[in-house]
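Student:
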Amino acid sequence: MKILFGKNAQISYDTAILFLTDIKKLPNKAKMLDDSVKGHISHTLSNDNGFKAKYGQSIIVPLPKSAAYKRVLIMGIGDVKEITDQKLRQLGGKLQVALKTASAEKALYLYEEDKVLAVEKFNLIAEGLLRRNYVFDRYKTKKKEDEAKADIHSVTLDAEELSAVKKGFKEVEALIGGVDFTRDLVSMPPNDLYPESFAKIVEKELKPLGVKVTIIDEKKLLKMGAGAIMAVGQGSARQPRMVVLEYNGKGKVSKTPDLAIVGKGITFDTGGYNIKTSNMHWMQFDMGGAGIVSGVMKSLALAKSKKHVVAVLALAENMVSSNAYRPSDIIKSLSGQTIEVLNTDAEGRLAMCDAMTYVQKEYKSKKLVDIATLTGACMVALGHEFGGVFTPDDAFWAKIDVASNDTADKAWRMPMTEAWDKEVKGSAADLKNLGDGAFAGASTAAAFLKNFVEKDVSWAHFDVAGVVWSFKDGDLYAKGATGYGVDLLYTLINS
Ligand code: BES
Ligand code: MN
Ligand code: ZN
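Be aware that the sequence shown starts at 6, since it is given in the working numbering, and climbs by one per residue.
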């Protein structure tokens with residue numbers, strides 16, 4: 006779907022879009038359209054058909070042959086005083102669904118110059134439209150009947166003052182470019198997306214945009230002593246990779262990026278010998294953290310951001326085989342700390358800790374974010390609505406909170422305390438990859454990772470187990486990969 010600005014006389018639009026706050030008062034452009042069809046629209050609205058112009062309600066009114074459009078799609082916005090930015094994004098998503106239902110191909114949004122809604126706010130609607138428009142259908146050889154409807158070709162904004170809104174839209178485009186890249190990665194099946202192919206896809210996508218991409222293969226990982234990520238991946242024929250992504254918009258070489266990010270990229274998590282007995286198929290999205298990080302780097306590059314960010318993808322596949330790691334193995338991480346593997350299904354923290362050590366050793370960033378589909382426990386706590394954020398640093402959390410509230414990606418701060426630090430101390434080794442009891446699993450995972458953060462580094466850990474994938478359609482995504490987190494991190498970096 007394209008978002009276009011300014012009515013074009015060469016294009017014939019099949020659908021007019023109107024936003025209404027009240028069905029009894031048609032604003033200017035609506036009134037003109039209504040007059041041109043002899044009151045057909047106002048007549049339809051006054052017949053009680055349930056449409057009251059409440060927020061998110063929509064109605065499709067077919068127009069007579071003589072009219073300028075085949076139909077008019079009317080969206081309710083309800084009480085404008087109650088409209089928030091997030092509600093406008095969601096309205097855009099609802100608009101996408103309504104346009105698709107109407108089989109609209111070329112739609113023209115008749116913006117009312119009465120300024121009930123500032124014209125720049127259209128960018129939030131555009132963001133919602135584009136987010137909801139994403140589909141992952143590249144593996145389909147034929148489309149089902151309901152999907153055979155033509156794609157929405159374009160939505161055009163018809164307004165007088167376009168320069169500011171056009172400028173703002175560049176940001177939306179950069180953001181969506183990243184979000185959709187993340188969704189492509191998260192949606193891909195694990196037979197096609199494994200560490201080596203993941204690394205190549207990211208390289209192909211990001212290198213031409215000016216991101217420096219370095220792929221560290223299993224031989225180099227072994228040699229450097231990344232024993233934790235290597236243990237996780239040793240049971241798979243598809244061997245681990247670390248991928249280092251560096252975007253520097255500062256115009257000068259530097260070893261101190263504004264932020265370092267690490268993403269969990271378990272391309273499939275069977276659990277290993279502690280094999281998963283339910284919902285194993287969900288674990289195709291266990292590379293969601295690395296997917297988000299890849300999307301953020303793409304958005305930064307597309308937006309030609311002035312920031313300097315380095316990211317590491319921790320890519321491995323957790324499988325069973327005669328060569329797989331075992332519960333009770335003791336492994337040595339890149340940091341030098343030894344770890345008792347008490348559960349092969351707590352693999353994410355093992356892959357992550359080596360990538361965290363690597364990025365802090367090679368770059369001197371004072372800020373570190375890691376993002377991972379780390380624990381089922383976080384999904385139990387926060388469901389699909391919030392990502393969990395763990396950080397000992399109040400000021401860092403405050404920044405994250407602000408960024409989150411500026412975006413569609415909701416985040417909730419989770420607790421950290423010394424009691425959980427003790428739970429991950431090992432008996433035969435320095436650390437163990439499991440807490441003591443069955444409880445606070447998201448927090449003990451965070452406590453484990455804390456051991457790999459250098460003293461002077463400000464760190465936040467995001468557990469996104471519940472939010473990278475949705476099991477049902479939402480306002481901003483269809484069932485599947487949500488694209489969560491790209492906007493939050495992108496906004497945080499630019500703040
Ligand atoms: N990738 C899973 C966590 C997960 C579960 C993500 C459900 C998304 C949805 C992780 O590797 C895992 O298996 N964690 C275990 C940890 C446990 C063994 C301490 C879990 O959550 O059960
Ligand atoms: Mn696991
Ligand atoms: Zn996992």
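Idealized CB from N, CA, C, for every residue including glycine.
To which residues of the same chain is Ala103 closer than 6 angstroms at the C-beta, ignoring the five residues directly before and after it?
Tutor: Closer than 6 angstroms at Cβ, skipping near neighbours: Ser63, Leu78.
Student: Ends of the alpha helix (DSSP H) at Gly294?
Tutor: Its alpha helix (DSSP H) spans residues 293–307.
Student: Would you call the CB atoms of Val462 and Lys371 closer than 8 angstroms?
Tutor: Yes, they are a contact pair.
Student: For ligand 1, is there any heavy atom lying closer than 7 angstroms to the beta carbon of Met247?
Tutor: Result no, Cβ not under 7 angstroms from ligand 1.
Student: So Lys372 is in the beta strand (DSSP E); what residue range does that whole segment cover?
Tutor: Lys372 -> beta strand (DSSP E) spans 372–377.
Student: Pull up the distance between the alpha-carbon of Glu166 and that of Val124, whole angstroms please.
Tutor: Straight-line Cα distance between these residues: approximately 8 angstroms.
Student: Leu493 and Ser409 - do their beta-carbons sit closer together than 8 angstroms?
Tutor: Contact: yes.
Student: Closest by CA to Val160, which one among Leu180, Ala386, Gly133, Ser241?
Tutor: Ranking the options by Cα distance to Val160, first place goes to Gly133.
Student: DSSP on His466, reduced to helix/strand/coil?
Tutor: Looking at His466 - three-state DSSP - the assignment turns out to be strand.
Student: When burial is assigned at 16 or more other CB atoms within 10 Å of the CB, is Tyr330 buried or exposed?
Tutor: Its Cβ being crowded by 16 or more others within 10 Å, Tyr330 is buried.
Student: For Arg76, which three-state DSSP category applies?
Tutor: Note: Arg76 maps to strand in three-state DSSP.
Student: What do you reckon, is the C-beta of Leu387 under 7 angstroms from a heavy atom of ligand 1?
Tutor: For ligand 1, not one heavy atom lies less than 7 angstroms from the Cβ of Leu387.
Student: Between Lys99, Gly232, Leu320, which has its C-alpha nearest Ile206's C-alpha?
Tutor: When each option's Cα is compared against that of Ile206, the closest is Leu320.
Student: What does the alpha-carbon distance come out to for the pair Phe24 and Lys415?
Tutor: Each residue's Cα considered, the two are about 27 angstroms apart.
Student: Report, in whole angstroms, the separation of the C-beta atoms of Phe186 and Ser299, which I expect to be a contact under 8 angstroms.
Tutor: Contact flag correct, Cβ pair sits at about 6 angstroms.
Student: Where do the N-terminal and C-terminal ends of the alpha helix (DSSP H) with Tyr363 fall, by residue?
Tutor: Residues 353–367.
Student: Within the same chain, show all residues whose beta-carbon is closer than 6 angstroms to that of Ser326, passing over the 5 residues directly before and after it, in chain order.
Tutor: Closer than 6 angstroms at Cβ, skipping near neighbours: Gly240.
Student: Quick check: Leu180 and Tyr489, are their CB atoms within less than 8 angstroms of each other?
Tutor: In this structure, Tyr489 does not lie closer than 8 angstroms to Leu180 by Cβ.
Student: Looking only at its chain, what residues have a beta carbon closer than 8 angstroms to the beta carbon of Lys369, apart from the 5 residues adjacent to it on each side?
Tutor: If we look at Lys369 and ignore the five residues flanking it on each side, its Cβ neighbours are Lys260, Thr261.
Student: Any idea if Ala443 is buried or exposed, counting beta-carbon neighbours within 10 angstroms, 16 or more meaning buried?
Tutor: Ala443 is exposed by the Cβ-count criterion.
Student: Quick check on Glu423: buried or exposed, where buried means 16 or more other Cβ atoms within 10 Å of its Cβ?
Tutor: So Glu423 counts as exposed.
Student: Tell me which residue opens and which closes the beta strand (DSSP E) that Val160 is part of.
Tutor: Counting along the chain, the beta strand (DSSP E) containing Val160 begins and ends at 159–163.
Student: From Gly230 to Ala236, what distance separates their C-alpha atoms?
Tutor: Spanning the two alpha carbons is a distance of roughly 11 angstroms.
Student: Along the chain, where does the alpha helix (DSSP H) containing Ile405 start, and where does it finish?
Tutor: From DSSP, the alpha helix (DSSP H) with Ile405 extends over 399–410.
Student: For Glu352, is the beta carbon positioned less than 7 angstroms from some heavy atom of ligand 1?
Tutor: Yes, ligand 1 has a heavy atom inside 7 angstroms of this Cβ.
Student: Could you check whether the segment 373–385 touches the segment 289–304, counting it as contact only if at least three pairs of C-beta atoms, one from each stretch, sit closer than 8 angstroms?
Tutor: Yes, the segment 373–385 touches the segment 289–304.
Student: Report the CB separation of Leu355 from Val314 in whole angstroms; it is logged as a contact under 8 angstroms.
Tutor: Between Val314 and Leu355 the Cβ distance is about 24 angstroms, and since that is not below 8 angstroms, they are no contact.
Student: Residues in its own chain within less than 6 angstroms of Thr362 by CB, not counting five upstream and five downstream?
Tutor: Counting only Cβ-Cβ distances below 6 angstroms, and skipping sequence neighbours, we find Leu339, Ser340, Phe457.
Student: According to DSSP, is His48 helix, strand or coil?
Tutor: Correct three-state label for His48: helix.
Student: If I follow the unbroken beta strand (DSSP E) through Ala321, where does it start and stop?
Tutor: Looking at the DSSP string, the run of the beta strand (DSSP E) that includes Ala321 is 313–323.
Student: Quick one: measure Cβ to Cβ for Val249 and Val317, integer angstroms, because I've assumed they're closer than 8 angstroms.
Tutor: Sure, about 5 angstroms apart at Cβ, within 8 angstroms.
Student: Would you check if the distance between the CB atom of Tyr74 and the CB atom of Thr20 is smaller than 8 angstroms?
Tutor: Yes. Within cutoff.
Student: Going straight from the alpha carbon of Pro397 to that of Leu305, what length do you get?
Tutor: Cα to Cα, Pro397 sits roughly 27 angstroms from Leu305.
Student: Helix, strand or coil: how does DSSP classify Val105 here?
Tutor: The residue asked about is misnamed: residue 105 is Lys in this sequence, not Val. Helix, per DSSP.
Student: Whole angstroms is fine: what's the gap from Ile504's alpha carbon to Ser51's?
Tutor: Residue 504 falls outside the range modelled here, since the chain spans only 6 to 500, and no answer is possible.
Student: When the distance is taken between beta carbons, is Val85 closer than 8 angstroms to Arg76?
Tutor: Not in contact: Arg76 and Val85 (Cβ atoms no closer than 8 angstroms).
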